[in-house]
Amino acid sequence: MNNQIDVSSYGIFILSIDQFSSFLKEEKKTRVKKVLQLLQKEQSLYQRSIQTGSWLPIPQIDSVLYEIKITNLGDSFNEEWEEKYNYTSFNLCVGIDNSIWIGSIGLLFDWNVNKFIDNSITYSTLDGLQLTSALKFPLEKGKYLVSIQGYERKEKQNFPASNSGFLFSFAKVEKFESVNDPRDDKYLFNGINK
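Quick note: the sequence shown, position 187, residue 177 per this note's numbering, numbers continuous.
Shown next, in the form of structure tokens:
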């Protein structure tokens, strides 16, 4: 499966629409449109959101095209790519929608659940190129520990090929034992863009 997303806001999110919407409802924040701003401003809310696995942000990455692969779907990177890191044990909860979205974090600047209807969110550039800002993937309801492997293409290619990518693995668990904050300085997600 060849999936690319165009990141225009220096970050990626992973979330289940059902779980994320439920979290906002529990926190009485369903009317908030600027969800990313809210999570950045209210630290305790942000901490609860990642502790409960309501979403997983991957911050501070370049705004470029990224190849997205999921081991649970049989995906892997071939010999043209080099693994740069493997970070593990991030919480993610999938709701009754049995799916996750992986996309540009900028979609949370103006949260609109109605954008997440089909299997992708796309837009056209001024020169007519169609780019994807979010992709939907099947994943059974439950709690997961997420591993994130960052990959860089060994020999750079020209746009619209992606030269950086993420391989995600989702291991089902009964409960979350701890919480890893992806904003912690020890996670250098942008190491694939050197």
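A virtual CB, placed ideally from N, CA and C, is assigned to each residue, including glycine. Remember, it's a predicted structure, so these values are computed and weren't measured experimentally.
Option in the options with minimal Cα separation from residue i
i           : options            : result
residue 153 : 19, 106, 11, 72    : 72
residue 121 : 136, 93, 139       : 93
residue 146 : 70, 6, 74          : 70
residue 138 : 160, 44, 184       : 160
residue 178 : -2, 95, 48, 157    : 48
residue 173 : -4, 118, 0, -6     : 0
residue -2  : 113, 156, 82       : 113
residue 59  : 103, 99, 140       : 140
residue 35  : 119, 14, 52, 54    : 14
residue 163 : 171, 183, 181, 81  : 81
residue 22  : 155, 171, 102, 117 : 102
Where the alpha helix (DSSP H) containing residue i begins and where it ends
i          : result
residue 36 : 33 to 41
Three-state class that DSSP yields for residue i in the structure shown
i           : result
residue 110 : strand
residue 164 : coil
residue -9  : Note that residue -9 scores 43 on pLDDT, short of 50, meaning its location in the model is unreliable; the coordinates nonetheless yield the value given after this. Residue -9: coil per DSSP, three-state reduction.
residue 87  : coil
residue 51  : coil
residue 105 : helix
residue 98  : helix
residue 1   : strand
residue 179 : helix
residue 22  : coil
Residue i - partner residues in DSSP beta bridges
i           : result
residue 45  : Paired residues: none, contrary to the question.
residue 71  : 143
residue 121 : 113
residue 59  : 157
residue 126 : 91
residue 132 : 84
Boundaries (first-last residue) of the beta strand (DSSP E) holding residue i
i          : result
residue 16 : Not the beta strand (DSSP E): residue 16 falls in the alpha helix (DSSP H), residues 7 to 16.
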